[in-house]
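Residue numbers (the UniProt record's numbering): 1 to 431. What follows is a short report on a single structure.
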């Protein structure tokens, strides 16, 4: 492809929907999501065919999969993932690819729902034969994919965005974003430090909401005057906000998603309800600010997973992101970026391009026993021709990764406060 490759790749990404896209460092082509076989030749168990490991595939792409929220209630996160993924593919290409072979990512849409996510993962694993799957955004979707598709195979699953506490119970399911229990604990401390002893708690009725709400209850020493779930996608949440107002609590905590919180905030404002708002990461976003009245969220505090904003590699990533997309990245873009780089390093250090081969390297490329490297190019320089996974310790743009025995990374949190209808960082916490 010509010199305008990067422009065309981004243009295609912004137009993507429920269909699949095959994204390669250096090229992008549409794929038919109904196909039963790809050129990479899956073995039906997330492994490569013999021809991919015999050394006669020089220059051919390594194909992995991603289940992303291209549509549905989490699509704002999905867009951030796409952008982080694209910058990671570019950095791999700029470094000469993976020992001369490009990385290809076949993207399927989860529609932000478990059933669609499972179908997407089945297509990637059973038809495309990917040995490494990045996915998904929603915690419930990631867990459904693991239990229905990944568990019992050698395929590596690495979630880009899932923070649900229940994922810790499945050590075979890795994730790049930290567990939400750190958010719940931080929010309990913040609300108490702000002088409140009673809170109204509204949480989305799925694994993500249930897990974070449970952790908050265990960490909160005060009174919980309202504690009820709500479903996604309702046309109105007036009953939720009126019940929160009638509870008498001056602090309201929202553990839900952007569309649901936006409706709640709009309805609370129109009814004249006033409270100090707090939220988990999934309620924050530019669409929330643009869809709520000026001043309606003033002073709201949100605990959200943070990238390593003081590291030089993150600052370089942020600069490249702003040059490419005209806005600053979020931590979610950084997590997706690191998923792709971690996958590439796992492939570069594996004995063979199979699920079993990548299982043997995916954790080791980020462990502290190796030499610290901050970019894919640095890592490949250290590895040379015959380096092993234990020779490097990839320090992601999202910070040190170092997966623990449960598949959870080292985590950092930012505290964001809404000031003049903008999110302002007002603190950081190490998880």
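C-beta atoms are modelled at their ideal positions from N, C-alpha and C, and glycine is treated no differently.
Using the three-state DSSP reduction, which class does residue 303 fall into: helix, strand or coil? strand
Whole-angstrom Cβ separation of residue 243 and residue 232, contact assumed at under 8 Å? Not a contact, Cβ separation roughly 18 Å.
Please report how far the alpha carbon of residue 302 lies from the alpha carbon of residue 392, in whole angstroms. 34 Å
Does the Cβ of residue 432 have 16 or more other Cβ atoms within 10 Å, making it buried, or fewer, making it exposed? The question about residue 432 has no answer here: the residues shown for the chain are numbered 1 through 431.
Taking three-plus beta-carbon pairs below 8 Å as touching, is the stretch 104-117 in contact with the stretch 132-150? yes
Could you check whether the stretch 290-307 touches the stretch 215-229, counting it as contact only if at least three pairs of C-beta atoms, one from each stretch, sit closer than 8 Å? no
Kindly indicate which three-state DSSP category residue 309 falls into: helix, strand or coil? coil
With a cut-off of 8 Å, do at least 3 Cβ pairs link the stretch 406-421 to the stretch 172-185? yes
Residues bridged to residue 280 (per DSSP): 303
May I ask which residues mark the beginning and end of the beta strand (DSSP E) holding residue 372? 371-373
Where residue 386 falls, given that 16 or more other Cβ within 10 Å makes a residue buried: Burial call: exposed.
List the whole-angstrom C-beta distance separating residue 432 from residue 416, where the pair is believed to meet the contact cut-off of C-beta under 8 Å. Lying before the first or after the last residue shown, residue 432 is absent from the chain, which here runs from 1 to 431.
Residue 35 burial status per 10 Å Cβ neighbour count (16 or more: buried): Legend: pLDDT at residue 35 = 35, less than 50; position of this residue unreliable, value from coordinates given subsequently. With fewer than 16 neighbouring CB atoms inside 10 Å of its own CB, residue 35 falls in the exposed class.
Between residue 265 and the rest of its own chain, which residues show a CB-CB distance below 8 Å, the 5 nearest in sequence each way excluded? 277, 288, 292, 296, 297
Exposed or buried, residue 424, counting other C-beta atoms within 10 Å across all chains shown (16 or more means buried)? By the C-beta density criterion, residue 424 is exposed, having fewer than 16 other C-beta atoms within 10 angstroms.
DSSP state of residue 437, grouped into three classes? For residue 437 there is no data in the structure shown, the boundaries of the chain being 1 and 431.
What does DSSP give as the partner residues of residue 422 in its beta bridges? 419.
Give the straight-line distance between the Cα atoms of residue 209 and residue 282, rounded to the nearest whole angstrom. Cα to Cα, residue 209 sits roughly 10 Å from residue 282.
From residue 317 to residue 205, what does the alpha carbon distance come to, in whole angstroms? Their backbone Cα atoms lie some 35 Å apart in a straight line.
Starting from the N-terminal side, write out each stretch of the alpha helix (DSSP H) that is 4 residues or longer and does not extend beyond the stretch 168-226. 181-193, 207-219
Given a cut-off of 7 Å, decide if residue 212 and residue 247 are closer than it, judged by their beta-carbon atoms. no
If I'm right that residue 101 touches residue 61 with Cβ under 8 Å, what's the distance once you round it to whole angstroms? 6 Å
Would you call the stretch 321-337 in contact with the stretch 350-368, where contact means no fewer than 3 C-beta pairs closer than 8 Å? no
Test: residue 259 CB closer than 7 Å to a CB of chain B: Of the chains in the structure shown, none is chain B; there is only one protein chain.
Contact belief for residue 106 with residue 130 at Cβ below 8 Å, rounded distance in angstroms: 7 Å
Please report how far the alpha carbon of residue 373 lies from the alpha carbon of residue 345, in whole angstroms. One C-alpha to the other measures close to 11 Å.
Within this structure, are the beta carbons of residue 133 and residue 157 separated by less than 7 Å? yes
DSSP three-state label for residue 125, please. helix
Check for me: the alpha helix (DSSP H) holding residue 103 runs from which residue to which? Note, residue 103: premise wrong, no alpha helix (DSSP H); beta strand (DSSP E) at 103-109.
Are residue 215 and residue 165 closer than 7 Å when you measure CB to CB? yes
Could you please give the first and the last residue of the uninterrupted beta strand (DSSP E) stretch that includes residue 393? Segment 392-396, the beta strand (DSSP E) holding residue 393.
With distances taken from CA atoms, which of 339, 351, 403 is nearest residue 85? In this structure, 339 is the residue among 339, 351, 403 with its C-alpha nearest to the C-alpha of residue 85.
Measure the alpha-carbon distance for residue 418 versus residue 365 and round it to whole angstroms. 38 Å
Alpha carbon to alpha carbon, how far is residue 422 from residue 472? Give it in angstroms, no decimals. This structure leaves residue 472 out entirely; the chain is present only between 1 and 431.
Is residue 269 helix, strand or coil when you go by DSSP? helix
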